[in-house]
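Numbering (the numbering used here), first residue to last: 16 to 102.
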């Protein structure tokens with residue numbers, strides 16, 4: 016069983032590290048869109064769609080690696096109010 020868990024962890028790590036480079040694509044598209052929108056007053060629909068799709072792809076495929084590295088964002092509003100048993 017631990018061997019299966021190690022394989023899944025390795026897959027999560029490799030996938031997360033690989034997918035994390037999508038953020039560079041997102042930054043490029045955002046810069047392109049801002050440049051066109053504010054300098055030339057020519058916004059594009061495809062850039063907004065591509066940003067949403069790339070970010071969703073990044074969040075979904077990077078979530079397992081983020082949790083594995085204990086780097087996720089917790090919202091402590093409810094967490095602090097829960098009893099130790101409910102946490």
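All C-beta atoms in this analysis are idealised placements derived from N, C-alpha and C, irrespective of residue type, glycine included. All of these numbers come straight from a predicted model, not from anything done at the bench.
Inset, instruction - Specify the secondary structure class of residue 103 as computed by DSSP and reduced to three states. - result: Coverage of the chain is limited to positions 16 through 102, which leaves residue 103 absent and any answer about it impossible.
Legend entry - the stretch 70 to 83 touching the stretch 47 to 55, judged by at least three CB pairs closer than 8 Å: no
Inset, instruction - Find the nearest neighbour of residue 32 within the set 97, 44, 91, 77, judged by alpha-carbon distance. - result: 77
Inset, instruction - Enumerate, from N- to C-terminal direction, the unbroken alpha helix (DSSP H) stretches of 4 or more residues contained entirely within the stretch 50 to 89. - result: 60 to 83
Inset, instruction - Using only alpha-carbon positions, find the residue among 102, 22, 55 that is nearest to residue 92. - result: 102
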